[in-house]
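Numbering (my numbering), first residue to last: 14 to 468.
Idealized CB from N, CA, C, for every residue including glycine.
Report on one structure; see the data block that follows.
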């Protein structure tokens, strides 16, 4: 080989190897930084303040279980949610993989002489993707956007999980209160049945009254069993969302608290919700990838160099360049494919923005209506029933009302409290859905982008 050509080949080989080595030695701390940042954002979006933090320990059964404790447990123990979080970590690792550069391929070919030759033929080639080297910056940006989208998807999943846990907690609390009231109702029905039976035995009450009291007792027993079954089912449903289905679930539930209503202006911030921002990030990533397809750089091209020696001992440094010709179906349709990908991504982003707006608007309207209904029941029906019960109790103590009349008003008060609890639980569920629909807006206001999207 002429010396100038040999010198140029060696220079080219050194350049390729240096580029590959530099890319392979690039240091990245992207994933390590994003893991802690993601866990902090998950806690911020799902929990109220810093009073509760995710914990892998099952909640104790010797004290009331609050909704916030249930959410904190679910963030750490719900297996489906933790799998979603791992998906976000995997997306962060993909950014590091792009930053580290292409993976070199080594080919070693050694001939087995079948006849006497001067030397053993040898060929060694080290190749890597030239496309990956050229498009590294674009692919880094696209991978960062997809990592950002995965980060936002995990935040949205945390908000959804928190809402589901709060819903299950409210339903379980309602079932717990219904069970408590069912026990009271059964006790009153038993007293009334015993009283009617004693009066009937003395001839002071009709058989019909005795039978009616017995029927009420049977109905109260049936409602108690239904309440007991509903209570057990609701506790198991809560435990599943918390990731504690295999542990003890006989918790006493704390009354859930209604969060403060946000201002109606929060609806204008629906484009800042994690779901909307995720769709925008995915659209931006798709736009970059469509640009690579349009330019023809999406098809892989390889470059490399190495060493070869033939049977006669002649040595050379081969230079390998492999690329696809822009002909055939792949080259003819790439512009149209890129345009379709770009348009579809923009449409999905627009759909996500509309869905986020409608979801938040519906949640606000539903919560407002159910809050008004719950407050109205508590102020009117329940307050009136309790006032009548207190008046009947006072009259019975003075002998101006019968014990039967007092007990009947007590039953009416129990019915009113049951209905009020149901309305309050429905308002709590609506509030949880609204919180989930608006969760993460503060993260968008505090950060230009999630830290997992930084390079």
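Please classify residue i: is it buried, with 16 or more other beta-carbons within 10 angstroms of its beta-carbon, or exposed?
| i | result |
| --- | --- |
| residue 224 | exposed |
| residue 36 | Bear in mind that a pLDDT of 49 at residue 36, under 50, signals an unreliable position, so the number given afterwards is only what the model happens to contain. Residue 36 is buried by the Cβ-count criterion. |
| residue 91 | buried |
| residue 133 | exposed |
| residue 287 | buried |
| residue 21 | Annotation note: pLDDT 46 at residue 21 (below 50); position unreliable, no value reported. |
| residue 209 | buried |
| residue 81 | buried |
| residue 448 | buried |
| residue 415 | exposed |
If I'm right that residue i touches residue j with Cβ under 8 Å, what's the distance once you round it to whole angstroms?
| i | j | result |
| --- | --- | --- |
| residue 172 | residue 59 | 6 Å |
| residue 362 | residue 293 | 5 Å |
| residue 431 | residue 191 | 6 Å |
| residue 56 | residue 88 | 7 Å |
| residue 296 | residue 337 | Contact doesn't hold; Cβ gap of about 28 Å is too wide. |
| residue 472 | residue 67 | Past the boundaries of the shown model lies residue 472; the chain is included only from 14 to 468, so the question cannot be answered. |
DSSP three-state call for residue i: helix, strand or coil?
| i | result |
| --- | --- |
| residue 276 | coil |
| residue 338 | coil |
| residue 304 | helix |
| residue 322 | strand |
| residue 60 | coil |
| residue 36 | Residue placement at residue 36 cannot be trusted, given a pLDDT of 49 that sits under 50; what the coordinates show is reported in the next sentence. Helix, per DSSP. |
| residue 314 | coil |
| residue 369 | helix |
| residue 424 | helix |
| residue 66 | coil |
| residue 122 | strand |
| residue 135 | strand |
| residue 266 | strand |
| residue 258 | coil |
| residue 71 | coil |
| residue 452 | coil |
| residue 253 | helix |
In angstroms with no decimal places, state the Cα-to-Cα distance between residue i and residue j.
| i | j | result |
| --- | --- | --- |
| residue 181 | residue 350 | 46 Å |
| residue 427 | residue 433 | 10 Å |
| residue 147 | residue 71 | 51 Å |
| residue 455 | residue 255 | 25 Å |
| residue 366 | residue 291 | 10 Å |
| residue 161 | residue 149 | 18 Å |
| residue 121 | residue 139 | 9 Å |
| residue 348 | residue 302 | 12 Å |
| residue 391 | residue 382 | 14 Å |
| residue 453 | residue 170 | 11 Å |
| residue 322 | residue 143 | 25 Å |
| residue 406 | residue 419 | 6 Å |
| residue 388 | residue 112 | 57 Å |
| residue 198 | residue 380 | 31 Å |
| residue 450 | residue 83 | 19 Å |
| residue 315 | residue 277 | 57 Å |
| residue 463 | residue 251 | Because the pLDDT at residue 463 is just 42, under 50, the model does not fix this residue reliably, and the value given afterwards should be weighed accordingly. Their Cα atoms are separated by approximately 31 Å. |
| residue 117 | residue 127 | 32 Å |
| residue 333 | residue 47 | 39 Å |
| residue 244 | residue 396 | 26 Å |
| residue 228 | residue 74 | 37 Å |
Under a CB-based cut-off of 8 Å, is residue i close to chain C?
| i | result |
| --- | --- |
| residue 111 | Looking for chain C here will not work: only one protein chain is present. |
May I ask whether a heavy atom of the ligand NAP can be found less than 7 Å away from the beta carbon of residue i?
| i | result |
| --- | --- |
| residue 245 | Judged by which ligands are present, the structure shown has none, so any question about the ligand NAP falls away. |
Let me know the alpha helix (DSSP H) ranges lying completely inside the region 140–182, each 4 residues or longer, listed in chain order.
Fully enclosed alpha helix (DSSP H) runs of 4 or longer: 143–147.
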